[in-house]
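Trainee: Handing you a structure now.
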Amino acid sequence: MDSAFTDSAFSGPARSVVLDAGDIGRAIRRIAHEIVERNKGAADLILLGIPTRGVFLASRIAASIEQIDGEVVAVGALDVTLYRDDLRLRPTRALEPSAIPDSGVDDKVVVLIDDVLFSGRTIRAALDALNDIGRPRAVQLAALVDRGHRELPIRADFVGKNLPTALAEQVRVRLIEFDDRDEVSIEGGSN
Amino acid sequence: MRHLLSAGDLDVDSACLILDTAAQLASVTDRSVKKLPTLRGRTVVNLFFEDSTRTRISFEIAAKRLSADVINFVAKSSSVSKGESLKDTALTLEAMGADAVVIRHSSSGAPHRLATAGWIQGSVVNAGDGTHEHPTQALLDAFTLRHHLRDGTGDLAGLRVAIVGDILHSRVARSNVLLLRTLGAHATVVAPPTLLPYGVNEWPCSVSYDLDEVLPNVDAVMMLRVQTERMQAAYFPSVNEYSRRYGLDIRRMGLLPPHAIILHPGPMNRGMEISADVADSTRAVMAEQVANGVSIRMAVLYLLLGGMSEDDRKGL
Amino acid sequence: MTSESTVIRGVCPYGEEPVDFVIAGGVIAEIVKAGTGAGRVIDGSDLIALPGFVDVHTHLREPGHEDAETVETGSRAAALGGFTAVFAMANTSPVADTAGVVEQVWHLGQETGLVDVIPVGAVTVGLGGEHLAELGAMATSVAQVRMFSDDGKCVHDAAIMRRALEYVKAFDGVIAQHAQEPRLTVDAQMNEGALSGQLGLTGWPSVAEESIVARDVLLAEHVNSRLHVCHVSTAGSVDVIRWAKSRGIKVTAEVTPHHLLLTEDLVASYDPVYKVNPPLRTRADIAALRAALADGTIDAIATDHAPHPHEDKDCEWAAAAFGMLGLQTSFSIAVLTMIDSGLLDWRALADRMSVRPARIGHAVGHGHDLVVGVPANICVVDPAASWVVEPLTFVSKSRNSPYSGMTLPGKVVHVFKAGKATVVDGGLAW
């Protein structure tokens, strides 16, 4: 991390925890409830997480829906790298696995799940990717955090927490499956 | 990764990255929409100074599935036959704005030269140079081996592979020996001594003159095309003798362990290095090799062109 | 002395005690105590005087390939390299296989006048290896050819080689053989070894050279004639030549600067500037060649200066021409490989770069020890200087130097040919 700079001019980036493990758990349960409510049950639902952390969130939401509704929800992963519009702005990215449930997406309700909703470009790429895979009956969007600053006309259907941020700030989501703990924090932006 | 010139340039991480990327991209082949927008606006030139329809088509499909613009520059139908040099051709392509040049050339090292002589800025992919290398063939072979003999992930540690035939003139053999070593597999090259290069003992593989002795101890056997014109240069006495001693027929296939598979880079000389019934057997995976070739070449093109290019970087 | 005399003041002959060389009438008129010679003074302090170098193996390309080099540009490069005589190989276009062509080359050399250009005659008509060229006519021409070679091609037919060796005895000629068995080197691109196998470049096996050298020394013994082996490149050839000399066979041999320094590893770059025939070999070969040059088994350093136009090197390996420039770097490579390594002292270096090569090819007036009365062919060098090789600054028409960018020791400062300064302070006198 940037903490290599201990000089006072570079005093460590400001960092504040906005969701702890308990908050994240509650947010996931609420999203699960809302999904079931909106779709009047969990039949024909497919949760597609966007790698990396969206995939873990999708699994957690699916488990939560199963508790609520008793129904097993199909879960998958949808890597959108090949559809991104910013590929040429960075070195080549490694691809993440995509896993579409065997049933396919045709005539299903697909809920895309991402950790942070920001510019909306990732979701735009996800919609394009989905379009090449099949024709869902409907596509909905769930995000653990919506930090604003949309650059495209995209809106989340289910949001864990709305988090007003400055552009210079960074929202970091940590999940125990991948990181050392469950936590959402805001970092940097003090200048 | 800037160029792909030699399988020897790949370390285990970059080789596995290519294989893993190919595995992700392979699913595109199974979809109804077999196209990705990833390389839209990029130009890939297939620069083929040597006839190889199958390799050219494989690269062409790979590039098109990634939405790149593809230009085929084939020596026979171009000014190369009028004596235009590699350099002048390269300068022409550079002026036309090629982002990547996929080159097949009869002269060993021509891709290396194209990448380092300062004639062009774009990426260079070696699609087979003389008797030097054919790295994407080795990658698709590794991909095929990994799919059949491993669980489709990771390296090839402990795998034993026999490579049989005209090792001396084979770019496929060179690339495979290097890549198999990198991936932790053990290769044995099998050929009459005349078709083994001088100094082969220093290669990272075993050497044998006796196919029957090798076959029971391998997980896969890779048969190489043997050109009958080699006979005229006294590399072996006759097709019959070659076939008897080094051809893979039904009897020899029986020597292989039950799980072992048979590969061939194509095109095959049925009746020469491989008998027709072996080529058509269920253990032969040539059709998969061809399909995997597209995925591997998509992966290579994506990894070379899917990010910031030299031009993009300069623009920053 | 008269006002026409020149004094090289305080120069160290062969790196020994400083003296003044007084040059007059085209000869070394006096060698006197430093500071006492009279005449126009050229400062030689901290410099070493050696007999002017003689190159028994140069390609000047004229007539026919003037885009690569001419007798004039090659002469300029030779002079700057410390040479006072060069032997111009016969593989021109037309081939130097008649008195007419060798006389033309000789005249062009005389016109330029910076070095004595001594034509080498072809052994066979058109270098075709089948019919003997008119060796006698070339020998009695104004060029007085004594060395004959099909260099670039091997006189591979044993019967033709035997006849050529026999025939030149009539005028004390010598056959300089490019030892390369053609059937073993079809399409050969580089030294045959593990690396050629790895790079997929057709190998040029040592045995293709050694088998011809062995055959030829036996032929030379059988007909009691003189054989010179061009550009020896392998340890095995050294062994054969050493054996032949021990038997009293009249064989001499040369080695190129690049075969004393560069190894085949450079080929891995596929940069054709390293493409040369015979090919760059291994470290072990280099060690054997240096040792053989040191003990006299190999008689001479010869450049095999082979200029090529840019387009013949700015291409893929297989399409590129064989050959490297050598005239302007030969002395420095000799210092680097033989002096700095302690294998030769200055007197011995003079022997290998001047005395013996002059003797091999009958270069009249050249290769004399620096004593009073001999023609003043003198090369004055700065052993302490070093320089960076920048081929764009070469006076040769071509740029194909494998040493580009290298820092080399030793510099040619002044050169006198028959008493006349051709190089002064590192630059051409005219």
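Protein chains in written order, with the working numbering: chain C, 206 to 396; chain H, 103 to 418; chain D, 2 to 431. All C-beta atoms in this analysis are idealised placements derived from N, C-alpha and C, irrespective of residue type, glycine included. Since the structure is predicted, the reported quantities are computational estimates derived from the model, not experimental observations.
Just verifying my parser: in three-state terms, what is the DSSP assignment at C/Asn367?
Mentor: Here residue 367 of chain C refers to the residue found at position 162 when the first sequence is read from its first residue. C/Asn367 falls in the strand class under three-state DSSP.
Trainee: So, is C/Leu357 buried or exposed, given that buried needs 16 or more other C-beta atoms within 10 angstroms?
Mentor: Taking the first residue of the first sequence as 1, we reach residue 357 of chain C at position 152. Label assigned to C/Leu357: exposed.
Trainee: Quick one: residues in its chain with C-beta nearer than 6 Å to the C-beta of D/Ile250, no 5 flanking neighbours on either side, listed in chain order?
Mentor: For the purposes of this step, residue 250 of chain D is identified with residue 249 of the third sequence, where counting begins at 1. The residues Val218, Ala221 and Glu222, in chain order, have a CB closer than 6 Å to that of D/Ile250 in the same chain once the five nearest residues on each side in sequence are set aside.
Trainee: Indicate the three-state DSSP secondary structure (helix, strand or coil) for H/Ala219 in the structure shown.
Mentor: Here the question's residue 219 of chain H lines up with position 117 in the second sequence. Residue state, collapsed to three classes: coil.
Trainee: By the criterion of Cβ-Cβ separation under 8 Å, what are the contact partners of D/Ala1 in chain H?
Mentor: The structure shown does not extend to residue 1 of chain D, since chain D is modelled only from 2 through 431, so no value can be given for it.
Trainee: Look at the Cβ atom of H/Val146, then the Cβ atom of H/Ala124, and state whether they are nearer than 7 Å.
Mentor: On the second sequence, position 44 is the one that residue 146 of chain H refers to. On the second sequence, position 22 is the one that residue 124 of chain H refers to. For H/Val146 and H/Ala124, no; Cβs fall outside 7 Å.
Trainee: Report, in whole angstroms, the separation of the C-beta atoms of D/Val103 and D/Gly122, which I expect to be a contact under 8 Å.
Mentor: In the third sequence, counting from the first residue as 1, residue 103 of chain D sits at position 102. In the third sequence, counting from the first residue as 1, residue 122 of chain D sits at position 121. Rounded, the Cβ-Cβ distance is 6 Å, consistent with contact.
Trainee: Three-state secondary structure (DSSP) at D/Trp107?
Mentor: If you number the third sequence from 1, residue 107 of chain D lands on position 106. In this structure, D/Trp107 counts as helix in the three-state DSSP scheme.
Trainee: Going by CA-CA distance only, name the one from D/Gly201, D/Ala359 and D/Val396 that's closest to D/Ala319.
Mentor: Mapped onto the third sequence, residue 319 of chain D falls at position 318. Closest by alpha carbon: D/Gly201.
Trainee: With burial defined as no fewer than 16 other Cβ atoms inside 10 Å of the residue's Cβ, what is the status of H/Lys184: buried or exposed?
Mentor: The count along the second sequence starts at 1 and reaches residue 184 of chain H at position 82. Because H/Lys184 carries a pLDDT of 46, less than 50, the predicted location of this residue cannot be relied on, and the following value inherits that uncertainty. H/Lys184 should be labelled exposed.
Trainee: Which partner residues does D/Cys380 have in the DSSP bridge list?
Mentor: Here residue 380 of chain D is taken as the residue at index 379 of the third sequence, counted from 1. Answer is D/Leu51 and D/Val416.
Trainee: Could you tell me which residues DSSP pairs with D/Ile29 in its beta bridges?
Mentor: Stepping through the third sequence from its first residue, residue 29 of chain D is reached at position 28. In the DSSP output, where bridge partners are listed per residue, D/Ile29 has D/Ile24.
Trainee: Contact between the stretch 281–295 of chain C and the stretch 218–234 of chain C is defined here as three or more beta-carbon pairs at a separation below 8 Å; is this criterion met?
Mentor: no
Trainee: Got a sec: which bits of the stretch 155–173 of chain H sit with their beta carbon under 8 Å from any beta carbon on chain D, in order along the chain?
Mentor: none
Trainee: Return the bridge partner residues of C/Arg377 from the DSSP annotation.
Mentor: Mapped onto the first sequence, residue 377 of chain C falls at position 172. When DSSP reads this structure, C/Arg377 sits in a beta bridge with C/Ser390.
Trainee: D/Cys231 CB to nearest chain H CB: under 7 Å?
Mentor: Walking along the third sequence from the start, residue 231 of chain D turns up at place 230. Taking Cβ atoms only, chain H never reaches closer than 7 Å to D/Cys231, which makes this a no.
Trainee: For the alpha helix (DSSP H) holding D/Val239, just list the boundary residues, first then last.
Mentor: If you number the third sequence from 1, residue 239 of chain D lands on position 238. Note, D/Val239: alpha helix (DSSP H), Ala236 to Ser247.
Trainee: Beta-carbon separation of D/Arg147 and D/Gly174 under 7 Å?
Mentor: Here residue 147 of chain D is taken as the residue at index 146 of the third sequence, counted from 1. Here residue 174 of chain D is taken as the residue at index 173 of the third sequence, counted from 1. With a cutoff of 7 Å on beta-carbon distance, D/Arg147 and D/Gly174 are scored as near each other.
Trainee: Does the count of Cβ pairs from the stretch 201–210 of chain H and the stretch 362–374 of chain C closer than 8 Å reach three?
Mentor: no
Trainee: So which residues of chain C does H/Leu119 contact, with C-beta pairs closer than 8 Å?
Mentor: Counting from 1 along the second sequence, the entry for residue 119 of chain H is found at position 17. Close to H/Leu119, with beta-carbon spacing below 8 Å, are these residues of chain C in chain order: Ala299.
Trainee: So H/Ala212 contacts chain D; which residues on that side make the cut at Cβ distance below 7 Å?
Mentor: Start at 1 with the first residue of the second sequence, and residue 212 of chain H comes out as number 110. In chain order: Glu317.
Trainee: Can you tell which of D/Val252, D/Val274 and D/Pro280 has its C-alpha closest to the C-alpha of D/Lys153?
Mentor: In the third sequence, residue 153 of chain D corresponds to position 152, counting from 1. Contrary to the premise, residue 153 of chain D reads as Gly rather than Lys in this sequence. D/Gly153 has its Cα closest to that of D/Pro280, out of D/Val252, D/Val274 and D/Pro280.
Trainee: Identify every residue that forms a DSSP beta bridge with H/Arg372.
Mentor: Position 270 of the second sequence, counted from the first residue, corresponds to residue 372 of chain H. In the DSSP output, where bridge partners are listed per residue, H/Arg372 has H/Ile376.
Trainee: Are the C-beta atoms of H/Gly301 and some chain D residue less than 7 Å apart?
Mentor: Along the second sequence, read from residue 1 onward, the residue named residue 301 of chain H stands at position 199. Chain D, which has a Cβ nearer than 7 Å to the Cβ of H/Gly301, makes this yes.
Trainee: Report the residue from H/Glu162, H/Ala117 and H/Thr194 whose alpha carbon sits nearest the alpha carbon of H/Asn222.
Mentor: Residue 222 of chain H sits at position 120 when you count from the first residue of the second sequence. First, the residue type needs correcting, since residue 222 of chain H is Ile and not Asn in the sequence shown. For H/Ile222, the nearest C-alpha among the options comes from H/Thr194.
Trainee: With distances taken between CB atoms, is the gap from H/Asn371 to H/Arg399 smaller than 7 Å?
Mentor: The residue given as residue 371 of chain H occupies position 269 in the second sequence. The residue given as residue 399 of chain H occupies position 297 in the second sequence. No; because the gap between Cβ atoms is not below 7 Å, this pair is not in contact.
Trainee: Could you tell me the distance, in whole angstroms, from the CA atom of D/Ser207 to the CA atom of H/Arg167?
Mentor: The count along the third sequence starts at 1 and reaches residue 207 of chain D at position 206. The count along the second sequence starts at 1 and reaches residue 167 of chain H at position 65. Distance between the alpha carbons of D/Ser207 and H/Arg167: 50 Å.
Trainee: By the criterion of Cβ-Cβ separation under 9 Å, what are the contact partners of D/Glu211 in chain H?
Mentor: Here the question's residue 211 of chain D lines up with position 210 in the third sequence. Near D/Glu211 there are no residues of chain H at all, since even the closest Cβ is about 15 Å away, more than 9 Å.
Trainee: So, for C/Gly339: in the same chain, excluding its five sequence neighbours on each side, which residues have a beta-carbon less than 6 Å away from its beta-carbon?
Mentor: As a position in the first sequence, residue 339 of chain C is number 134, starting the count at 1. Excluding positions up to five away in sequence, the list reads Gly309, Val310 and Asp311.
Trainee: For H/Met198, which option in H/Met410, H/Met324, H/Ile173 and H/Gln329 has the closest C-alpha, if you only look at C-alpha atoms?
Mentor: Locating residue 198 of chain H in the second sequence gives position 96, counting from the first residue. Among H/Met410, H/Met324, H/Ile173 and H/Gln329, the Cα nearest to that of H/Met198 is on H/Ile173.
Trainee: I'd like to know whether the C-beta atoms of D/Thr141 and D/His132 end up nearer to each other than 7 Å.
Mentor: Looking up residue 141 of chain D in the third sequence gives position 140. Looking up residue 132 of chain D in the third sequence gives position 131. For D/Thr141 and D/His132, no; Cβs fall outside 7 Å.
Trainee: Could you run through the stretch 193–204 of chain D and flag, in chain order, every residue whose CB is less than 9 Å away from some CB of chain H?
Mentor: The residues in question are Glu193, Gly194, Ala195, Leu196, Ser197, Gly198, Gln199, Leu200, Gly201, Leu202, Thr203 and Gly204.
Trainee: From C/Ala304, C/Leu322 and C/Pro256, pick the residue whose C-alpha is nearest to that of C/Arg298; which is it?
Mentor: Residue mapping note: residue 298 of chain C aligns to position 93 of the first sequence, counting from 1. It is C/Pro256 whose Cα lies nearest to the Cα of C/Arg298.
Trainee: Establish whether the CB of C/Pro296 and some CB of chain H are separated by less than 7 Å.
Mentor: Numbered from 1 along the first sequence, position 91 holds the residue referred to as residue 296 of chain C. Yes, because at least one Cβ of chain H sits closer than 7 Å to the Cβ of C/Pro296.
Trainee: Can you tell me whether D/His260 is helix, strand or coil according to DSSP?
Mentor: Here residue 260 of chain D refers to the residue found at position 259 of the third sequence. If DSSP states are grouped into helix, strand and coil, D/His260 belongs with the helices.
Trainee: Return no unless some Cβ of chain H is closer than 7 Å to the Cβ of C/Asp307.
Mentor: Taking the first residue of the first sequence as position 1, residue 307 of chain C is located at position 102. Not closer than 7 Å to any Cβ of chain H, the Cβ of C/Asp307 fails to qualify, so no.
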